[in-house]
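**Q** Please find one structure pasted underneath; my questions will follow.
Chains as they are written, first to last, in the numbering used here: chain C, 73 to 457; chain A, 47 to 432; chain Y, 56 to 236.
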């Protein structure tokens with residue numbers, strides 16, 4: 073009984089933290105979007121607009137609960153909760169740092185992929201139950217998109233599983249190291265490709281631009297979202313932003329050694345209270361830093377790229393991502409078989425790949441700098457204007 | 047074009063819908079900025095089987111109002127014919143009345159009119175291109191285009207007195223003068239504008255997703271463009287090099303040197319949506335060139351000639367056309383020689399004829415392509431409905 | 056503007072058994088006037104004849120011709136349509152006009168010759184009431200489908216209500232208007 077109460081309290085705290093994070097992320101996204109568009113973004117409510125999301129939530133709570141006339145009442149009401157539940161469940165096994173996770177599941181990554189499919193039901197039900205042809209179209213498109221893109225996601229994850237030898241997310245983190253050349257992304261060229269496949273497919277799973285057709289405003293007037301207002305609409309929104317955190321966290325854990333500070337004792341199964349608090353907090357902050365970089369990249373992509381058309385989206389998935397996915401799985405199988413860990417070849421590959429990636433990153437920054445100088449664009453780097 | 051009467055009649059069957067089609071309404075309220083235009087689409091899955099545009103939501107009966115107002119009092123109404131490019135509509139109407147009544151316009155006034163027209167052309171194309179990008183899902187280039195429009199509005203405020211709906215032109219000239227520091231500001235802005243166009247093209251013009259969304263969509267071949275009376279950038283995007291500023295020499299365009307921008311099929315067939323987008327971008331650069339030439343040629347002088355207060359045009363009719371940013375803007379004025387008010391004013395706009403291509407072209411497209419094609423035509427509702 | 060009297064003369068000459076006269080000869084825009092029965096043929100010749108090749112339709116406009124007596128009574132005289140065609144190579148233009156009678160004005164439609172003619176004709180039908188025979192689609196375009204009347208006519212009187220919505224309002228400021236003081 074004690075154990076059950078402990079788990080429930082812990083789950084409620086976790087839910088609260090994730091909701092607050094998703095809310096703050098909406099404000100951060102709007103400010104980033106504003107700065108990219110030569111304007112400021114919300115800065116009135118609270119210091120630098122930090123409390124804007126509470127204001128939005130309170131406003132939505134006070135709205136009239138509009139349920140259109142001929143919808144299916146039960147399904148209409150339950151759809152947002154299904155979507156939110158689907159996103160929240162995926163956060164259970166993800167290790168935010170050394171010991172900050174809800175439950176150490178042995179089938180970690182498999183569980184994440186399985187519960188991430190819950191949202192498909194939510195979107196389909198929301199679209200169909202709205203008694204609106206545009207919502208139906210949006211729901212159908214969304215379902216097709218998400219189901220299709222689960223396959224490249226799973227294939228990219230299989231690459232990591234092959235390299236780590238376990239489904240447990242903690243073990244995957246511990247198999248990597250703290251330094252860049254020990255991260256899985258630079259282990260072998262197939263994992264490098266797997267990172268891009270995973271990232272793009274996760275964007276499509278989360279209905280983010282360039283794959284945000286289900287919520288495409290100009291085409292469908294918000295697709296499955298159209299008939300929802302007030303707190304139900306906010307739940308869809310919150311689920312989408314919480315999904316951002318999930319994508320960022322998964323990418324960090326699988327490819328970038330999330331939270332791993334490289335200490336030897338982390339090889340053993342962690343128990344609460346075994347190691348000093350400082351290391352745990354440092355690991356957690358390191359994880360959050362890496363996750364926030366990926367969240368920033370996702371937000372950056374949203375406000376830069378146009379939208380892909382639905383048939384182009386399906387083309388990308390089935391004609392390009394899935395064959396490449398199979399290719400990298402085959403390649404990883406051969407690599408793992410022929411190249412043992414910590415051998416010469418392994419080490420050289422890692423160093424070379426890290427060097428190439430660092431060079432690409434520096435070249436990218438240089439190109440941006442050069443373009444800024446050519447167009448004499450005025451940039452204001454102060455985020456607190 | 048070999049089109050028979052039977053083909054035409056079979057094109058439109060209004061009230062029939064077959065079993066697995068759904069009828070959707072892309073209704074007058076849109077999140078996109080083209081105005082209140084409604085489409086009734088019959089969809090078979092994702093493909094449009096039949097599309098019927100339904101216009102008239104912005105009909106303000108401007109032509110009927112014109113019959114009750116004296117010629118000079120109608121000028122503010124011409125602003126609202128295309129509120130994105132008001133000075134162009136003003137000049138079109140003023141030229142029509144002046145040609146019919148043989149009224150003189152001083153030289154400085156004509157240069158100032160051309161200045162206003164080209165500046166408004168840049169602003170209008172910015173909005174057209176920005177609306178295209180926002181319909182495709184890229185929000186940032188649209189806001190950047192609006193920011194540039196704000197700079198142009200600042201300049202228009204100095205030139206004409208208002209930001210939008212300028213009401214700048216009067217019969218016989220323009221309404222207010224500017225002094226030289228406006229020209230300095232304009233010159234500085236043009237320096238900045240060239241760099242902005244470079245940045246804009248790097249941001250969205252060469253983006254792979256953008257090109258894939260637009261190339262090959264809504265290809266309008268040259269014969270089709272002439273058959274459907276497309277004009278302006280839509281016609282030039284299909285490869286026909288007709289620019290009314292060069293063919294009908296009005297104002298002082300024959301003294302200036304600029305190229306007629308024609309679509310060349312940069313990424314797909316000639317006459318697809320990317321070509322129309324590209325023509326608008328290049329036309330903005332040509333307008334910038336024109337503005338610099340106007341700046342170097344404008345001289346001091348009067349800005350409005352003496353026009354009789356009670357102007358009565360001689361009996362007869364005239365159809366006068368100018369090149370507005372959206373196509374050919376024509377004013378057909380009929381005067382009965384006795385009254386202070388015109389007998390009939392008919393306004394012919396480029397967006398109206400661009401809408402006529404829709405029933406034909408939208409068949410067989412996907413819903414996303416409908417949006418892309420319609421946005422590439424740069425149609426605004428006030429021009430269609432007047 | 057590219058109107059020239061020579062083009063009009065040539066057009067009159069090439070449609071030759073059909074009678075056409077040029078009005079407004081000395082003005083800036085000479086108009087070739089034909090009768091309603093031969094309009095379609097004239098336009099067809101203007102478009103297809105290799106010496107003319109006017110394959111771009113600029114405008115179709117319609118007018119309600121009336122005469123006003125001294126008491127202010129409006130007497131309708133008929134309708135007049137104007138077709139402006141241009142060549143697509145140098146954009147020189149010719150203008151063809153038709154006069155239509157007052158009762159049941161109708162003329163043949165040209166919407167298979169020019170693709171954009173249909174919308175111009177729909178607008179003229181909607182606002183003036185001129186019927187275009189053999190048109191592929193003659194419906195109202197600007198006004199709602201159940202509107203009664205043709206507003207651009209000079210003698211158009213609005214109905215007092217449309218679908219239950221009154222079309223006039225009581226003048227709330229009547230007491231303070233200058234005429235009533």
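The beta carbon of each residue, even a glycine, is placed where N, CA and C say it ideally should be.
Could you work out which residues of chain C lie near residue 2(A), taking near to mean beta carbons separated by less than 7 Å?
**A** Because residue 2(A) is not part of the residues shown, which for chain A are 47 to 432, the question remains open.
**Q** For the structure I just gave you, are there three or more beta carbon pairs, one from the region 219-228 of chain C and one from the region 264-282 of chain C, closer than 8 Å?
**A** yes
**Q** Considering only the beta carbon of each residue, do residue 310(C) and residue 83(C) sit closer than 9 Å?
**A** no
**Q** To the nearest angstrom, how far is the alpha carbon of residue 373(C) from that of residue 287(C)?
**A** 16 Å
**Q** Along the region 83-113 of chain C, where does the CB come closer than 8 Å to a CB of chain A? Name the residues.
**A** If you check each beta-carbon in the region 83-113 of chain C against every beta-carbon of chain A, the ones closer than 8 Å belong to 105, 108, 109, 110, 111.
**Q** Do residue 384(A) and residue 94(A) have their CB atoms nearer than 9 Å?
**A** no
**Q** If you count every other CB in all the chains shown that lies within 10 Å of the CB of residue 77(C), and 16 or more means buried, which is it?
**A** exposed
**Q** Please state the DSSP three-state secondary structure of residue 133(A).
**A** helix
**Q** CB-CB under 7 Å to residue 283(A), same chain, minus the five flanking residues each way: which ones, in chain order?
**A** 309, 317, 321, 322, 325
**Q** Compile a chain-ordered list of the residues in the region 197-220 of chain Y whose CB is closer than 7 Å to at least one CB of chain A.
**A** 197, 198, 206, 207
**Q** Tell me whether residue 227(A) is buried or exposed, calling it buried when 16 or more other Cβ atoms sit within 10 Å of its Cβ.
**A** exposed
**Q** At a Cβ cut of 9 Å, what residues of the region 127-152 of chain C count as close to chain A, listed as they run along the chain?
**A** none
**Q** Does any residue of chain C have a CB that is nearer than 9 Å to the CB of residue 253(A)?
**A** Yes, contact with chain C.
**Q** In terms of alpha-carbon separation, which member of 197(A), 75(A), 184(A), 225(A) lies closest to residue 341(A)?
**A** 225(A)
**Q** Using only the heavy atoms of the ligand GDP, determine whether one of them is closer than 8 Å to the beta carbon of residue 368(C).
**A** As far as ligands go, the structure on display features none, and thus does not contain the ligand GDP.
**Q** With which residues is residue 58(Y) paired in a DSSP beta bridge?
**A** BP columns for residue 58(Y) point to 148(Y).
**Q** According to DSSP, which residues form a beta bridge with residue 163(Y)?
**A** 188(Y)
**Q** Just the Cα atoms here: how many angstroms apart are residue 194(A) and residue 169(A)?
**A** Linking residue 194(A) to residue 169(A) through their CA atoms gives a straight-line distance of about 8 Å.
**Q** Quick one: measure Cβ to Cβ for residue 149(Y) and residue 109(Y), integer angstroms, because I've assumed they're closer than 8 Å.
**A** That belief holds up - the Cβ atoms of residue 149(Y) and residue 109(Y) are roughly 6 Å apart, short of 8 Å.
**Q** Any C-beta of chain A sitting closer than 9 Å to the C-beta of residue 447(C)?
**A** yes
**Q** Alpha carbon to alpha carbon, how far is residue 378(A) from residue 110(A)? Give it in angstroms, no decimals.
**A** 13 Å
**Q** By the 8 Å beta-carbon criterion, what residues does the region 173-201 of chain A contribute toward chain C?
**A** 179, 180, 181, 182, 183, 184, 185, 186, 189, 190, 193
**Q** Expressed to the nearest angstrom, what Euclidean distance is found between the alpha-carbon atoms of residue 348(A) and residue 146(Y)?
**A** 33 Å
**Q** How big is the Cα-Cα spacing for residue 258(C) and residue 425(C)?
**A** Whole-angstrom Cα-Cα distance: 6 Å.
**Q** Considering only C-alpha positions, which residue in the set 406(C), 147(C), 224(C), 283(C) is nearest to residue 391(C)?
**A** 224(C)
**Q** For residue 108(A) and residue 135(A), I'd like the C-alpha separation in whole angstroms.
**A** 13 Å
**Q** Of the residues 277(C), 332(C), 217(C), 220(C), which one's Cα is nearest the Cα of residue 241(C)?
**A** 332(C)
**Q** Considering only DSSP beta bridges, list what residue 204(Y) is partnered with.
**A** For residue 204(Y), which the question treats as bridged, DSSP gives no partner whatsoever.
**Q** Which of the three DSSP states, helix, strand or coil, is assigned to residue 280(A)?
**A** In the three-state reduction of the DSSP assignment, residue 280(A) falls in the helix class, which pools H, G and I.
**Q** Residues of chain C with CB under 7 Å from residue 45(A), in chain order?
**A** Outside the shown range of chain A, which is 47 to 432, sits residue 45(A), and nothing can be said about it.
**Q** Name, please, each residue of chain A whose Cβ falls closer than 7 Å to the Cβ of residue 171(Y).
**A** 274, 275, 399, 402
**Q** Hey, is residue 392(A)'s beta-carbon within less than 9 Å of any beta-carbon in chain Y?
**A** yes
**Q** Please decide whether residue 70(A) counts as near chain C, where near means a Cβ-Cβ distance under 9 Å.
**A** True, the Cβ-Cβ gap to chain C drops below 9 Å.
**Q** Can you name, in chain order, every residue of its own chain whose Cβ lies under 6 Å from the Cβ of residue 391(A), other than the five neighbours on each side?
**A** 109, 112, 379
**Q** List the residues of chain A whose Cβ lies closer than 8 Å to the Cβ of residue 92(Y), in chain order.
**A** None at all; the shortest Cβ gap to chain A is about 18 Å.
**Q** Would you call residue 197(Y) buried or exposed, if buried means 16 or more other Cβ atoms sit within 10 Å of its Cβ?
**A** buried
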